[in-house]
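2 protein chains.
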Amino acid sequence: MSEHSPVKDISTEVSFSEYEAKFKALADKKRLHILHLLSQQNSCCVCDLSELIDMPQSKLSYHLKILLDAKLIIKETRGTWSYYMINEAELNHLLSPELCCIFKPSRC
Amino acid sequence: MSEHSPVKDISTEVSFSEYEAKFKALADKKRLHILHLLSQQNSCCVCDLSELIDMPQSKLSYHLKILLDAKLIIKETRGTWSYYMINEAELNHLLSPELCCIFKPSRC
DNA sequence: CCCTTTCATCAAATTATTTTGATATATTAA
DNA sequence: TTAATATATCAAAATAATTTGATGAAAGGG
């Protein structure tokens, strides 16, 4: 690695950690399914999603938190309801245009 | 999910499994580092990579296998040496152009 | 043939992630 | 106020992924 400056190495390190978290969030069939469902509605509350995906609420909340922490989805609270929606800008930054049909709301 | 045909559901299922494996392979700092290093050489053998990344050979082989199984890298055997290189087509299909500077050989 | 190098694979130990069921908080409705 | 609903979080159990050190196979050199 002799041709790299320390500064570049540090910033690359930081990127690796950041992307690790985002790819980790994507690295699960159930979460890909959640993203797919969210991409088909404008926004969706936990209880509706729980029925759609046939998953107990605590399990779903666990997975939503992982997606939220990775900033792949956005949360909006109204009363006791939590509405989740796709963070399209973030997915655009991360994924190829070819993947948009599966994981992003705006169709190809 | 009433508005979807079974066929579409099945193919989406298949996609989810396929992408799960690929994102799982990307979901690790060490493997991102390996991809980054490979993207800076045309190809690299395990022993050289092991020194570059300062990682014991068996551990490195474990991670290379995960990347190889996900088809994110390509392996070429010559004698006792195994040379690994980035599978650029696959990464292009998967990742956004913005990520190319970090994980793909051809610079932006 | 024997020795060395390169690499893959294995089993055991360790560590991380996920699932489950229970509980807690906040909001709304009666 | 009481009851019901929506959601988050917790701790324990269950699963899955990673690390480690050892072993073995294949190739090449002397």
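Read top to bottom, the protein sequences are chains A and B.
Residue numbering for the first sequence follows this note's numbering, beginning at 1 and increasing consecutively.
Residue numbering for the second sequence follows this note's numbering, beginning at 1001 and increasing consecutively.
Cβ coordinates follow ideal geometry from the N, Cα and C atoms, glycine included.
Query	Result
Same chain, Cβ closer than 8 angstroms to Cys44 of chain A, five either side skipped, listed in chain order	Leu37, Leu38, Leu52, Tyr83, Tyr84, Met85
Continuous beta strand (DSSP E) stretch holding Glu76 of chain A: start and end	73 to 78
Beta carbon proximity, Tyr1019 of chain B to chain A, threshold 8 angstroms	yes
Burial state of Arg1078 of chain B (16 or more Cβ within 10 Å)	exposed
Ala27 of chain A vs Ile66 of chain A beta-carbon contact at 8 angstroms	no
Nearest-angstrom Cα separation, counted from Glu76 of chain A out to Glu1090 of chain B	35 angstroms
Ser1043 of chain B: first and last residue of the uninterrupted alpha helix (DSSP H) it sits in	Per DSSP, Ser1043 of chain B belongs to no alpha helix (DSSP H) and is neither H nor E.
Secondary structure of Ser50 of chain A, DSSP reduced to three states	helix
Pro97 of chain A versus Asn1092 of chain B - alpha carbon distance	10 angstroms
Terminal residues of the alpha helix (DSSP H) in which Ser61 of chain A lies	57 to 69
Reduced DSSP secondary structure (H/G/I, E/B, other) of Ser972 of chain B	This structure gives no information on residue 972 of chain B, because the portion of chain B shown stretches from 1001 to 1108.
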